[in-house]
Amino acid sequence: MESAFIKRCNEVRGTIEGFGNPLIVNHYDADGLAAGSLVAKALRNRGINYSMLTLRKLEYRSEMRDAGELIFVDFGGVEEALGDVLKGKKVVIIDHHQSSEGEILQANSQLFGFDGGSEISSSGTAYMVFRDAELVDLALVGAVGDMQFPLKSLNRKILREGIENGIVRCDIDLNIFGRMSRPLVWFLSYCTEPFLPGLTGNDGNCYRFLSETGIDFRKDGKWRRYFELDMEERIQLISALVAYLHSKGAGEAAKELIGEVYILAKQPEGSELRDAKEYSTLLNACGRHNRPEIGIRVCLGEEGAIEEARTLLNEHRKQLREGMFYAISNYEDFGKFYFLDGRGRIEDGVIGVVAGMLYGGALPGDKPIVGIAFDEEGKIKISARATRKLVDGGLNLGEALSKACSSIGVGGGHNIAAGATIERDKLNEFLLNFGRAL
Ligand code: C5P
8 MESAFIKRCN
18 EVRGTIEGFG
28 NPLIVNHYDA
38 DGLAAGSLVA
48 KALRNRGINY
58 SMLTLRKLEY
68 RSEMRDAGEL
78 IFVDFGGVEE
88 ALGDVLKGKK
98 VVIIDHHQSS
108 EGEILQANSQ
118 LFGFDGGSEI
128 SSSGTAYMVF
138 RDAELVDLAL
148 VGAVGDMQFP
158 LKSLNRKILR
168 EGIENGIVRC
178 DIDLNIFGRM
188 SRPLVWFLSY
198 CTEPFLPGLT
208 GNDGNCYRFL
218 SETGIDFRKD
228 GKWRRYFELD
238 MEERIQLISA
248 LVAYLHSKGA
258 GEAAKELIGE
268 VYILAKQPEG
278 SELRDAKEYS
288 TLLNACGRHN
298 RPEIGIRVCL
308 GEEGAIEEAR
318 TLLNEHRKQL
328 REGMFYAISN
338 YEDFGKFYFL
348 DGRGRIEDGV
358 IGVVAGMLYG
368 GALPGDKPIV
378 GIAFDEEGKI
388 KISARATRKL
398 VDGGLNLGEA
408 LSKACSSIGV
418 GGGHNIAAGA
428 TIERDKLNEF
438 LLNFGRAL
């Protein structure tokens, strides 16, 4: 099926290369921004003009009316939602959501037997369409942003190409957030994946913990960061963390500490953009806090963008940490699933991220979680998350949400992560429907 997928990707590239001035319409999360930017860069490489539109959810916009050519990126259900208004226009879709073939030409691995939740992202799909070697970094940033690690299947193929071309490195290391950019004390105190009991959220304890390890976490008047530690110091820190977590009964969290990390070798040492996870979090921060254009400017390498993105990142991490503390003591067990009512407490832009983070040690992975928050129109934004194990056992959240919302709203997504929006007064109906759909 891989060859059929690649053939389709080539066909989509051929169509796009015939465009004169397309509108790229991309989703606002990290994968959507990375994928949209990847398409933009590929068009630049080919000397094709373009404009861009980033959306939180797929809806009709006047820019679409004015465009003769459109490239939808990281949106499922384009044809169902916009088929009528797109008639007569030249349109292609680059996506990885659960989908079926329609009239519009679509590069989507789901149609060729690959799971878009774990085997390839929209950014990866965009890379497969254009295959410009230097764009592989964005393909991996998007995959990591969609929590598709460790990278396997088509993602792995893309990673291998990146390694062969000297653009990416893959190491096994401590894989918590901030290896490049966070001084060690805050590296630990801001760590929410996994949750480090006694350390997450407590700067003083992190300071004491690091002092006891004997590692110089301040040198020549400067706070040191993880990437600056030598191998011996890294091993010292990891061993101390593992022993500490076991002493706190958090052995599961200890298992999550080590994993593959993807280093973008062309980016400067110490920059967020050098680590795929930090890069994707930076993009998520931009998109989820209503400044997607900053994320795109970061991807396009525009001057000053990264400084603006950092401010949003700090706010994002703060919201995640606060949301996480609230979630840990307020989630409920609804029998078939866990429920997190974040209305008025957690922003709709981060509810899904917080819900997913609960699996990092705070929540047993025995059933899915549904988080809810108010969106900017006062409707209820639903984000559902599951574990890989549940999905391997047959769970499909995208289908479950789409069924549960069929008469009360719109919902869909991947088997492991899905979302929906419903009216305020439809919550009980949704919860009943969702329990049944599961
Ligand atoms: O919004 P949230 O982050 O929870 O969405 C999880 C996944 O579900 C995303 O990939 C999003 O594109 C998808 N989704 C969808 N249809 C919706 C809402 C979300 O396909 N109505």
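Under my numbering, the first residue of the sequence shown is numbered 8, with each subsequent residue one higher.
Cβ atoms here follow ideal geometry from the backbone N, Cα and C, with glycine treated the same way.
| Asked | Found |
| --- | --- |
| Going straight from the alpha carbon of residue 71 to that of residue 407, what length do you get? | 30 Å |
| If you reduce the DSSP assignment to three classes, tell me which class residue 431 lands in. | helix |
| Compute the distance between the beta-carbons of residue 41 and residue 306, then report whether it is under 9 Å. | yes |
| Tell me the rounded alpha-carbon separation between residue 429 and residue 413. | 10 Å |
| With DSSP as the reference, please indicate the residues paired to residue 16 in a beta bridge. | DSSP output for residue 16 lists no bridge partner at all. |
| Looking only at its own chain, which residues have a Cβ that is under 7 Å from the Cβ of residue 272, when we skip the five neighbours before and after it? | 173, 174, 175 and 176 |
| Could you please give the first and the last residue of the uninterrupted alpha helix (DSSP H) stretch that includes residue 288? | 283–295 |
| State the DSSP-derived secondary structure class of residue 114, mapped to helix, strand or coil. | strand |
| So, for residue 146: in the same chain, excluding its five sequence neighbours on each side, which residues have a beta-carbon less than 6 Å away from its beta-carbon? | 130, 131, 134 and 165 |
| Does the distance between the C-beta of residue 390 and the nearest non-hydrogen atom of the ligand C5P fall short of 8 Å? | yes |
| Report yes if the CB atom of residue 398 is closer than 9 Å to the CB atom of residue 344, and no otherwise. | no |
| Beta carbon of residue 153: closer than 8 Å to some heavy atom of the ligand C5P? | yes |
| If I measure Cβ to Cβ from residue 140 and keep anything under 6 Å in the same chain, skipping five residues before and after, which residues do I get? | 172 |
| For a quick check, are the C-beta atoms of residue 78 and residue 29 less than 9 Å apart? | yes |
| Please find out if some non-hydrogen atom of the ligand C5P comes closer than 8 Å to the beta-carbon of residue 358. | yes |
| Between the Cα of residue 319 and those of 223, 34, 301 and 310, spot the shortest distance and give me the residue it belongs to. | 301 |
| Does the ligand C5P have a heavy atom nearer than 8 Å to the CB of residue 428? | yes |
| So, is residue 182 buried or exposed, given that buried needs 16 or more other C-beta atoms within 10 angstroms? | buried |
| Rounded to whole angstroms, what's the CA-CA distance from residue 358 to residue 379? Just pull it up for me. | 7 Å |
| Would you call residue 92 buried or exposed, if buried means 16 or more other Cβ atoms sit within 10 Å of its Cβ? | exposed |
| Count the other CB atoms, across all protein chains shown, that sit within 10 Å of the CB of residue 439; report buried if there are 16 or more and exposed otherwise. | exposed |
| Below 9 Å between beta carbons: does that hold for residue 119 and residue 102? | no |
| Three or more beta-carbon pairs under 8 Å between the stretch 216–230 and the stretch 269–283, yes or no? | no |
| Is it the case that the CB of residue 348 approaches a heavy atom of the ligand C5P more closely than 8 Å? | no |
| Quick one: what's residue 193 bridged to in DSSP? | Answer is none; residue 193 lacks a bridge partner. |
| Excluding sequence positions up to five away, which residues of its chain have a Cβ less than 8 Å from the Cβ of residue 179? | 265, 266, 267 and 268 |
| For residue 214 and residue 222, I'd like the C-alpha separation in whole angstroms. | 11 Å |
| To the nearest angstrom, how far is it from the Cα of residue 410 to the Cα of residue 251? | 44 Å |
| With DSSP as the reference, label residue 158 as helix, strand or coil. | coil |
| Taking all protein chains shown into account, decide if residue 11 is buried (16 or more other Cβ within 10 angstroms of its Cβ) or exposed. | exposed |
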